[in-house]
Structure formats: structure tokens, C-alpha cells
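Everything below concerns the one structure shown next.
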Amino acid sequence: MSTYKVTVTIGDSALDRVYLTLMDSEKQSSERTEEISLDIHVEKNIGNIVQVRLEKENIIVNYPWFCKHIKVQTPSGDCFEFPCYCWLEDENEVMIQEGTARLPQDDTESFQEHRKDQLECRQKIFRWTEWSPGFPRSIDAKVDDLPKEVQFYGEKSSEWKLDLMKVFVELFLDAMKGLCEPWKNFIDIENIFGPVIKENTVQENLVKDWTKNYMFGYQFLNGCNPVMIKKCVQLPDKFPVTHEMVQGSLKRGHTLQEELQAGNIYIVDYEILKGVAASKERYLTAPICLLYKNESDQMLPIAIQVGSISGAGMGTLIKNAMKTLTLKSLCLPEDIKARGMEDVPKYYYRDDGMMIWEAIHSFVSAVVKIYYDSNKAVQKDVEIQGFVKDVAFGMNNSNNFPKSLNSREQLVEYLTVVIFTASAQHAAVNFGQFDWYGWIPNSPSTMRKPPPQQKGQVDMKYIMECLPDRGCSREVLGTVWALTRTEKNEQFLGMYPDMYFTEQPAMEAIKTFRNKLEEVTKIIKSRNEELPLPYWYLSPDKIPNSVAI
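All residue numbers for the sequence shown refer to the working numbering, where the first residue is 2 and numbers rise by one.
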């Protein structure tokens with residue numbers, strides 16, 4: 002008689018019977034046990050355990066059961082870990098492979114078949130569909146049709162709904178419900194939003210200085226959209242700015258052409274909005290803004306071109322964006338270089354983003370080197386090659402994304418892009434929305450009148466009639482407040498509560514990654530203490546592990 006000590010970590014208990022079977026490399030198994038206990042007795046020693054089978058049998062009704070992790074100690078004292086992190090529902094079974102990560106080509110023939118069957122099963126669940134030509138493909142399933150482990154857990158879903166219900170009350174906006182009147186003036190807006198603004202350092206500065214040129218320019222560097230600004234070395238034909246138009250704003254005594262050559266002129270071109278229609282009785286433009294970096298390293302607007310446009314709405318916007326989206330454009334170092342933004346002072350999005358990028362890149366590189374000993378190993382990995390090909394197909398823009406990877410270096414870059422985009426990049430463009438869009442005059446969600454065609458035509462009454470009315474302002478402010486909340490038990494970058502890696506080298510790589518992120522957090526915190534307008538969106542302790550909205 003041999004005894005195997007089994008420890009099962011669960012996230013939810015079951016009212017039904019759960020059976021556990023231990024299997025060795027020859028698929029010889031122990032007797033099925035009706036309960037999960039610390040000791041499992043078998044007739045003979047079945048050696049090393051490479052697979053565990055879990056089965057659930059309903060007693061009265063189906064009661065889902067969540068298994069996190071299983072640890073098995075053999076009679077000889079060897080320990081085997083089995084990461085599970087999935088739900089057992091109805092009367093089904095789950096096969097869990099021992100946690101040591103292996104490339105598909107390094108696995109046994111029987112496990113290669115098992116992995117292939119698993120992938121085919123998942124591909125039937127996670128299917129692509131094309132919502133509209135030119136759009137990225139989306140999943141062809143409803144949330145409730147997906148496996149329970151990839152859905153928001155019940156508590157998180159409830160918290161999100163509760164936040165949406167409470168948001169207007171918490172922002173002192175309930176009294177504004179249903180009001181469609183325009184604002185009278187800026188003081189009128191501040192009287193409503195004042196209690197919220199006073200608790201927010203960014204908005205305090207914004208309300209005070211939002212009409213100043215330096216604050217306008219600062220947002221192109223460190224606001225919610227810090228990826229559009231780029232160095233301008235030659236003015237585009239569609240933006241015929243002359244020296245005479247801007248000479249009063251150029252403080253070094255140089256001509257516009259000389260400032261262009263010196264690298265002090267920057268441009269933001271929202272051509273992506275060309276052809277995008279606004280809703281009825283609303284107005285949208287595709288503006289171009291020319292900015293001048295002065296001797297104080299402030300980015301100041303010196304020329305803005307605005308024109309009213311029409312088109313086919315949100316679909317046009319997404320199609321326009323997809324035309325220019327490439328894998329390289331998602332690589333932060335490549336993007337910064339392409340826009341000529343390597344040396345611009347006070348560009349904290351770049352400074353913090355590069356520290357995060359390098360930390361992720363080092364982490365990914367360390368893990369890739371553990372499992373791939375050569376470029377040939379990457380080429381032979383049919384699973385990673387299938388994943389890359391599938392992503393290119395899903396983007397519906399496959400010419401701009403690779404369909405295969407040929408080296409460890411390419412794999413490291415690819416995985417770094419995936420992790421950075423889903424964590425840091427999302428944090429940079431999402432979590433500042435309440436700070437910058439919460440003060441409605443700074444970044445109105447809609448314009449109710451077209452832009453003026455001549456100078457001197459605008460007065461306070463016209464401005465207030467252009468801005469969103471009280472009801473629309475309330476909805477927008479509530480929305481950006483909800484979008485920028487994090488949940489109570491949020492998992493931030495580097496935190497992995499589900500431990501899929503069980504090998505020591507991989508665990509060491511995770512530990513090193515966390516230590517590096519802690520260093521970055523300290524650097525950003527120290528810098529922010531010296532800034533009147535702190536930039537914290539890319540502080541690792543405030544970056545969720547992935548998009549969580």
C-alpha cells in the first residue's frame with residue numbers, strides 16, 4: 002500500500018461529489034476517490050504523477066466548483082504541482098497536466114495529442130466574427146457562453162454595477178438629473194463640481210490654469226492622449242502656416258523655418274477624425290495644432306486649424322485607425338523614435354513608459370530563455386506560431402502584423418508588446434480621464450455649435466451654448482469617474498495570484514521583475530513629490546495587470 006499526500010486549494014466549495022484520479026506517465030491510475038483528502042492510498046506505487054483527472058457528479062442540482070491548485074507528494078517525497086484555476090460544472094471532468102512548462106515539441110506524443118485536442122476545443126469556444134469590414138475581429142460569443150473562469154467573477158461584476166449606481170450621488174450630481182439647460186458661465190460649472198475638484202491635485206491645477214497655453218500643451222505630453230504629438234521638420238501642405246502668422250509667439254528671435262530646423266516645433270494632427278460624423282446637432286472637427294517648445298521647455302500652441310467635418314461615424318474612426326496600426330507602432334521605443342520625441346523635456350509618459358517597457362522586456366527575455374534554447378525552438382513551436390497567425394487574422398489587418406516568428410528576439414518583442422499594451426499603455430490613456438475630462442470646459446465630450454469661421458465672433462454666451470448642457474455633463478463626468486476606478490482587490494503589474502509557473506527559474510524571474518517594478522515605483526514617487534502637477538498613471542503600483550473594464 003502506497004500513500005500519496007494531496008493538497009487541493011479551492012476557490013469555492015462543492016455540494017456535489019468530486020472525484021480525483023492520479024495518473025503516471027503510462028496513464029496508469031489510482032483508484033478513484035470520492036472525496037479530496039490529504040492522504041490517498043493506492044494498491045501500488047504508481048511513481049511520478051504527470052496528470053490529475055477531476056470529475057464532478059451532481060447530487061441534486063448542478064453546483065459549480067472552482068479548483069485553484071493541486072499538490073501531490075509521492076511516497077518517496079517528490080512533490081508535483083498541478084495549476085488548475087478552472088471551474089467544474091455539470092457532470093464533467095478536467096484533465097490537469099503537471100505544472101512543469103514544456104514546449105509542444107518537447108512533450109510526449111500522447112501529451113502532444115492532448116494539447117492539440119485542448120486547443121481545438123478552445124477554438125470552438127473562442128471563435129472569431131467580423132462585426133464590420135475593416136474592423137478588428139471580435140469574439141463570436143456572448144459572455145454567458147464563455148467558460149466561467151474567463152468571466153468577471155460575481156463579486157467584481159456586482160461591484161462594477163454598484164459603482165455605476167452610486168457614481169452620481171458620490172459626485173454630488175444627483176440634483177442635476179434631467180436638466181438640459183446650458184451652463185451660465187465657468188463659475189456656474191465650478192460651483193457644481195467644486196467639491197470633487199478640490200480632492201484632485203490635477204484638477205485643482207487644471208481649473209486654475211486650463212485657459213493658459215502651457216496647460217494646453219502639457220496635455221499633449223502627459224494627458225490622456227500622449228501618443229499623437231511628434232516633431233515637425235516640415236509643415237504639411239494642408240497646414241499653410243507662415244512666419245508672419247506666428248512670429249509673435251516665437252521668443253528666440255528666429256524665423257519659423259529656423260525653429261523647424263532647430264527641432265523646436267511639434268505638431269499634432271487628428272487626421273484620423275477626417276470623415277467621422279458627429280451625432281445630430283453636434284459638431285466634430287479634425288484639427289491640426291502646431292506647438293512651440295520655448296526656452297522654459299514648455300510646449301505652447303502657436304497655430305490651430307479647425308474645420309467642421311461630416312462622415313460615417315465611429316466606424317470610420319476605427320477603420321482610419323486600423324490603416325496605420327502596426328506591431329512596430331505598439332512598440333514604445335519604436336513609437337517614440339518615429340515621432341522624434343526622444344529628447345523632449347517633461348515628457349513623463351515617455352520617461353515612465355520606457356522604464357516599464359524595459360522591466361517587462363527584461364522579464365520576458367529571462368522567461369523566454371528558460372524555455373527556448375535557440376531560434377529553432379521558436380520556429381518549431383506550433384502553438385506560439387499558431388497564436389501569432391491567429392492574432393494577425395483577428396486584427397483583420399494582417400499585412401501590418403507578423404504571421405510567424407523566427408527568433409527568440411522576435412518572440413520577446415512580441416510578448417513585450419502584448420503585456421505592455423494590455424497593462425501600461427491602457428493605464429496611460431485610461432486612468433487620466435477623470436482628471437482631464439472631469440473639468441468639462443477643458444475637454445468637452447461634444448460641441449453643440451460649429452466652430453466660428455472668423456476671429457472676434459465668440460463671447461461667453463456662445464461658448465456656454467457650445468459646451469455640453471448640464472445633463473450631458475453629468476453623464477460624461479459619471480462615465481469617466483467609473484472608468485477610472487480600480488476594484489478593491491485589484492491585481493497590479495507583477496502580481497500573479499494564479500501561479501501557473503512552478504519551476505524555480507521562472508519563479509526567480511518573476512521575483513526579479515517585481516523588484517524592478519518596486520524600484521520604478523520609488524523613482525516615480527520621488528520625482529512626483531517635486532512636481533506641482535504629478536504624473537502617476539504609469540507608476541507600477543497603479544497599473545492593473547491587464548485591461549479590467
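Glycine is no exception: its CB is placed at the ideal position from the N, C-alpha and C atoms.
Between the Cα of residue i and the Cα atoms of the options, which residue gives the shortest distance?
| i | options | result |
| --- | --- | --- |
| Leu55 | Gly48, Phe67, Ile47 | Phe67 |
| Gln235 | Lys252, Leu207, Asn265 | Asn265 |
| Pro533 | Gln204, Asp189, Leu89 | Gln204 |
| Leu23 | Gln74, Lys69, Pro65, Ile60 | Gln74 |
| Lys117 | Leu261, Arg471, Glu384, Gly218 | Glu384 |
| Trp88 | Gly100, Gln152, Leu333, Cys122 | Gln152 |
| Ala322 | Tyr267, Gly254, Pro346, Asn398 | Asn398 |
| Glu488 | Ile544, Ala510, Ile230, Gln386 | Ile544 |
| Val95 | Arg253, Gln124, Cys85, Ile464 | Cys85 |
| Val9 | Lys294, Asp436, Lys69, Asn63 | Lys69 |
| Gly78 | Thr4, Leu328, Leu147 | Thr4 |
| Ser375 | Phe221, Ile193, Leu406 | Leu406 |
| Lys231 | Asn295, Cys225, Phe221, Ser111 | Phe221 |
| His362 | Gln386, Tyr415, Cys80, Thr317 | Tyr415 |
| Ile239 | Val477, Leu478, Leu333, Val307 | According to the sequence displayed, residue 239 carries Lys and not Ile. Comparing Cα positions, the closest option is Val307. |
| Gly439 | Gly479, Ile420, Gly457 | Gly479 |
Mapping the DSSP letters down to three states, classify residue i as helix, strand or coil.
| i | result |
| --- | --- |
| Leu412 | helix |
| Glu530 | coil |
| Lys6 | strand |
| Val1 | The question about residue 1 has no answer, for the chain in this structure spans 2 to 550. |
| Glu32 | Here Glu32 scores only 46 on pLDDT, less than 50, and its place in the model should not be relied on; the value that follows carries that caveat. It is coil, neither helix nor strand. |
| Tyr463 | helix |
| Gln52 | strand |
| His255 | coil |
| Val269 | strand |
| Met24 | strand |
| Phe221 | helix |
| Pro545 | strand |
| Val43 | strand |
| Phe67 | strand |
| Gln191 | The residue asked about is misnamed: residue 191 is Glu in this sequence, not Gln. It is helical. |
| Glu182 | coil |
| Met229 | coil |
| Lys209 | helix |
| Lys57 | strand |
Would you call residue i buried or exposed, if buried means 16 or more other Cβ atoms sit within 10 Å of its Cβ?
| i | result |
| --- | --- |
| Ile289 | buried |
| Asp189 | exposed |
| Met246 | exposed |
| Leu207 | buried |
| Arg409 | buried |
| Asp270 | buried |
| Ala425 | buried |
| Val548 | exposed |
| Tyr536 | buried |
| Glu260 | buried |
| Arg475 | buried |
| Met356 | buried |
| Ile97 | buried |
| Leu147 | exposed |
| Asp499 | exposed |
| Gln505 | exposed |
| Val368 | buried |
| Gly224 | buried |
| Tyr219 | buried |
| Glu530 | exposed |
| Pro442 | buried |
| Lys57 | buried |
I believe residue i touches residue j by the beta-carbon criterion, under 8 Å. Please report the beta-carbon distance rounded to the nearest angstrom.
| i | j | result |
| --- | --- | --- |
| Glu82 | Thr503 | 4 Å |
| Cys473 | Met448 | At roughly 11 Å, the Cβ-Cβ gap does not stay under 8 Å, so Cys473 and Met448 are not in contact. |
| Pro469 | Ser446 | 6 Å |
| Leu291 | Val242 | 6 Å |
| Glu90 | Ile50 | The pair is not a contact, with the Cβ atoms about 25 Å apart (cut-off 8 Å). |
| Thr417 | Val365 | 5 Å |
| Trp184 | Arg486 | That pair is no contact at about 26 Å. |
| Ile273 | Leu326 | The pair is not a contact, with the Cβ atoms about 11 Å apart (cut-off 8 Å). |
| Pro227 | Ala429 | 7 Å |
Q. Going along the chain, which unbroken runs of the alpha helix (DSSP H) with 4 or more residues stay wholly within the region 71 to 153?
A. 110 to 126
**Q.** Contained alpha helix (DSSP H) runs [length at least 4] in the region 276 to 301, N- to C-terminal order
**A.** none
(Q) Extract the residue ranges of the alpha helix (DSSP H) inside the region 469 to 522, only unbroken runs of 4 or more that lie entirely within it. (A) 471 to 484
(Q) Threshold first: 4 residues or longer. Then list the alpha helix (DSSP H) segments lying entirely within the region 324 to 397, N to C. (A) 333 to 339, 349 to 372, 376 to 381, 383 to 396
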